[in-house]
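Here is the structure we will look at, set down as structure tokens.
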Amino acid sequence: MTVLTQRFSAAVDYARVAHAGQFRRGTRIPYLYHLLAVASLVLEYGGDEDQAIAGLLHDVLEDCGAGHEVTIRAQFGDVVCAIVAACTDGTVEGKANAEAGGTAAEHWRHRKLKYLEHLRSESTEALLVSGCDKLHNARAILSDLENPDVGVAVFERFTGKRDNTLRYYQSLAEIFTARRAPMAMVFDKTVARMHELAGATTRAGLE
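Using numbering that gives the first Met the number 0, read the sequence shown as starting at 0 and increasing by one per residue.
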């Protein structure tokens, strides 16, 4: 049984402040909503407090800056910091520097392929947090696909657009399934439904 302590409450507050003014892509929903959802999924699928805290903080380095790493390590410990780093496929600073030397689409593809390779050997602790993050994102995309006012236009929000976004999620599904991640079956079903509603004829991965 996972018992949540004051550390978890402190992580909620840290995430709230760090992501203040940020919203879910294409919406006016505060970004904290996603972080709380990921932490909830982590707990649902058997994660401990460190993993739940990492779920709350998993996007801090990517969206708020690499400078947060020192503070996260000092306040929440090495285990949480390692999981957060493992769930990060690029920092604000790194993305800006990389995109200066190529197109956004090229940089996106490079980052995603690198992240997929990383997931194949990452710790099971980080894999759970990553899987819960991707599951919540996939469910959000599926919800928009099911909404007649949005539909396939949802993919215009993403750098990978329709085809590459679907390929990326398919590759994620294959890795989570191969590694027997706790949420793998639910994730795979969600991705299959995404492909169906998007009109994809095959489920090919990102190459």
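Cβ atoms here follow ideal geometry from the backbone N, Cα and C, with glycine treated the same way. This one's a predicted model, so the numbers in the text were calculated from it and none came from an experiment.
Kindly provide the ranges of any alpha helix (DSSP H) runs that are 4 or more residues long and lie completely inside the region 34-74, ordered along the chain.
Qualifying alpha helix (DSSP H) stretches, in chain order: 48-56, 59-63.
If you draw a straight line from the C-alpha of S129 to the C-alpha of C86, how long is it?
6 Å
For G170, count neighbouring Cβ atoms within 10 angstroms of its own Cβ and tell me buried if that reaches 16, exposed if not.
A quick correction: the sequence has Ser, not Gly, at residue 170. Residue environment analysis places S170 among the buried positions, since at least 16 neighbouring C-beta atoms fall within 10 angstroms of its C-beta.
Should C131 and L40 be called a contact, given that it needs their Cβ atoms to be closer than 8 Å?
yes
Return the chain-ordered ranges of every alpha helix (DSSP H) run that is complete within the region 132-199 and spans a minimum of 4 residues.
160-177, 183-197
Could you round the C-beta distance between R156 and G25 to whole angstroms and report it? I think they count as a contact, below 8 Å.
4 Å
How would you label A203, buried or exposed, when you count the other beta carbons within 10 angstroms and need 16 or more for buried?
exposed
Report yes if the C-beta distance between P181 and L127 is below 8 Å; otherwise report no.
yes
Output the distance between the C-alpha atoms of R192 and L141, rounded to the nearest integer angstrom.
7 Å
Identity of the residue in L165, V79, M184 nearest T200 by Cα
L165
Is it buried or exposed for K160, if we count other Cβ within 10 angstroms and need 16 for buried?
Taking every protein chain shown into account, the CB of K160 has fewer than 16 other CB atoms within 10 angstroms, so this residue is exposed.
Do you know whose CA, among A9, E61, G45, A65, lies nearest Q21's CA?
E61
The alpha helix (DSSP H) that contains D77, what's its start and end?
77-85
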